[in-house]
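Comments concern the structure below.
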């Protein structure tokens, strides 16, 4: 029997089949409104969830759920929407886990207050932004940093970087991958400026 | 991990994959087939799509840095205008590249050691360029060389998951001893004069840091716990399951199986500014417990309500007695 699909509730399949066009508007909204919440989101997750190794998964899951939900209707404002999704995710997980750290449950109600708090207005001045970028690149491991600097600032291609440094192209590719991965965490996330 | 994992991939896997796509597109030959392959990957799951948006957004943000490209003089001027210190390294080092050339830059890099510290109750995870991971526990001072193969644990505790490279073995020096990895996961704890090295996986050698020393050398296998005090070195083998318990701090949890109250207090004291003091009368009481590293309040309640002991606060001290 064919499954009847509620047109207002798109499924992952519907997205795959292109029934719902991932509008550039949606992407722009996600980049502009949701990604800048990452530092706060990670803080929320860290306070609510003991197992630190799962935080990245939780964050990614919140993003995915947010994005899926926004396919129907872009929620405005974004902040309470994203944090409600995060809270529901934590509640789901707390119910399912066998061992519940007391702190996780106790914190949930307190955190409710944070939902309506104004978002971080990141009106970063150009120079602050440059300093942030500097700090982020500074945190990369030396070899990786060197490769990223050559690629981003000197504008070399991957092949040119490999030739310049006398290392394999696959190594350059690995460094760039690790660099991009780490920069995203540093610039969006929890540990912006935490370095000692 | 437990619970639902979207698409059976961890977030790290998805995000690494997204980063790989992003750099491939940016830095390498890019054909219509590549684009089609990327589109397929993106369409596989919203999680992929989200991760790709995230990493490309950040990459675009770093585009500002390309403004620094150009004549060395201009770069220097830029650096000064933004009040950068050359010592800050990183992007400031870009100016150095053009002044000293790349070789000079690399030389400076090699001279550099990075120091990481965690406060009491702190917990930090470092990922090295080759994917090796180092987790720093509470109250720890840790240094690593620029080539990331030589490290020092000046104080505290760290858990190492090291990618083996026989040409460049990874070494950790602490308390006059050097641990040389042979492809390993191991724990190094340097507290009050004693050095403890526990091997979880692989093999490692423990040797004196000074070549001429006549102190012992030992080869460790999984489950081995080496305890070094001064020149003496003893090795015992314990079930690896016990080691897993000792590593539970990695999840910010302390697990005790039939530990004395004195031991539990000593362990909790490492993570908290408030210090537990156990009366000798009750110090030998055995308990089984799983306590969050920051769970000193919960611990106080349990001691009072379940063990029926007295808990008194005297300034920063919490005294437990009958």
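Residue numbers (the working numbering), protein chains in the order written: chain Y, 27 to 222; chain L, 344 to 665.
No residue lacks a Cβ here, since even glycine has one placed at the ideal position from N, Cα and C.
In the DSSP annotation of this structure, the continuous segment of the beta strand (DSSP E) that includes residue 580 (chain L) starts and ends at 575 to 580. Contact annotation: in the stretch 93 to 121 of chain Y, residues whose CB is within less than 7 angstroms of a CB in chain L are 93, 94, 119. Interface with chain L (7 angstroms Cβ-Cβ cutoff): residue 82 (chain Y) is included. With contacts defined by Cβ atoms closer than 7 angstroms, residue 523 (chain L) and residue 548 (chain L) form a contacting pair. Neighbourhood of residue 365 (chain L) in chain Y, by CB distance below 9 angstroms: 202, 203, 206, in chain order. With respect to chain Y, the C-beta atom of residue 393 (chain L) has a partner C-beta closer than 7 angstroms. Straight across, the Cα-Cα distance linking residue 543 (chain L) with residue 530 (chain L) is about 8 angstroms. The beta-carbon distance between residue 353 (chain L) and residue 209 (chain Y), rounded to whole angstroms, is 19 angstroms. This is too long to meet the 8 angstroms contact definition. Neighbours of residue 69 (chain Y) in chain L, taken as residues whose beta carbon is under 9 angstroms from its own, are absent, since the nearest beta carbon is some 15 angstroms off. Here residue 401 (chain L) is buried, its C-beta having at least 16 other C-beta atoms within 10 Å.
Contact between residue 181 (chain Y) and residue 202 (chain Y) is absent: CB atoms are separated by about 13 angstroms, not below the 8 angstroms threshold. Within chain L, the residues whose beta carbon sits less than 8 angstroms from that of residue 53 (chain Y) are 396, listed in sequence order. Residue range 456 to 461 is occupied by the beta strand (DSSP E) that includes residue 457 (chain L). The beta carbon of residue 193 (chain Y) does not come within 7 angstroms of any beta carbon belonging to chain L, so the residue lies off that interface. Between residue 210 (chain Y) and chain L, the shortest Cβ-Cβ separation is below 7 angstroms. With contacts defined as CB atoms closer than 7 angstroms, residue 514 (chain L) and residue 493 (chain L) qualify as a contacting pair. Close CB contacts of residue 397 (chain L) within its chain, under the 8 angstroms cut and outside five residues either way in sequence, are with 358, 361 (chain order).
Less than 7 angstroms separates the beta-carbon of residue 598 (chain L) from that of residue 588 (chain L).
At the C-beta level, residue 60 (chain Y) and residue 90 (chain Y) stay beyond 7 angstroms of one another. In the three-state reduction of the DSSP assignment, residue 601 (chain L) falls in the strand class, which pools E and B.
Minimum Cα-Cα distance from residue 367 (chain L) among the listed residues Y:66, Y:57, Y:184, Y:212 corresponds to Y:184.
Separation of the CB atoms of residue 578 (chain L) and residue 561 (chain L) is rounded to 5 angstroms, and the pair is thereby assigned contact status at 8 angstroms.
Residue-level contact by beta carbon holds for residue 353 (chain L) and chain Y, with a gap shorter than 7 angstroms. The three-state secondary structure of residue 656 (chain L), taken from DSSP, is strand. When secondary structure is reduced to three states using DSSP, residue 75 (chain Y) falls in the coil class, being assigned neither helix nor strand. Closest in alpha carbon position to residue 76 (chain Y), among L:655, L:648, L:618, L:592, is L:592.
Following the DSSP letters along the chain, one finds residue 494 (chain L) inside the beta strand (DSSP E) bounded by residues 493 to 504. A check of alpha carbon separations from residue 491 (chain L) across L:477, L:484, L:615, L:533 identifies L:477 as the nearest. Chain L has a Cβ within less than 7 angstroms of the Cβ of residue 183 (chain Y). If you ignore the 5 residues before and after residue 190 (chain Y), its C-beta comes within less than 7 angstroms of the C-beta of 176, 182, all in its own chain and listed in chain order. In the structure shown, the three-state DSSP call for residue 623 (chain L) is coil.
Residue 468 (chain L) is classed as exposed because its beta carbon has fewer than 16 other beta carbons within 10 Å across all chains shown.
For the pair residue 484 (chain L) and residue 460 (chain L), the CB atoms are nearer than the 7 angstroms cut-off. Closer than 7 angstroms to the CB of residue 384 (chain L) there is not a single CB belonging to chain Y.
At a cut-off of 7 angstroms, the C-beta of residue 62 (chain Y) has no neighbouring C-beta in chain L. Within 10 angstroms of the beta-carbon of residue 503 (chain L) lie 16 or more other beta-carbons, which makes it buried.
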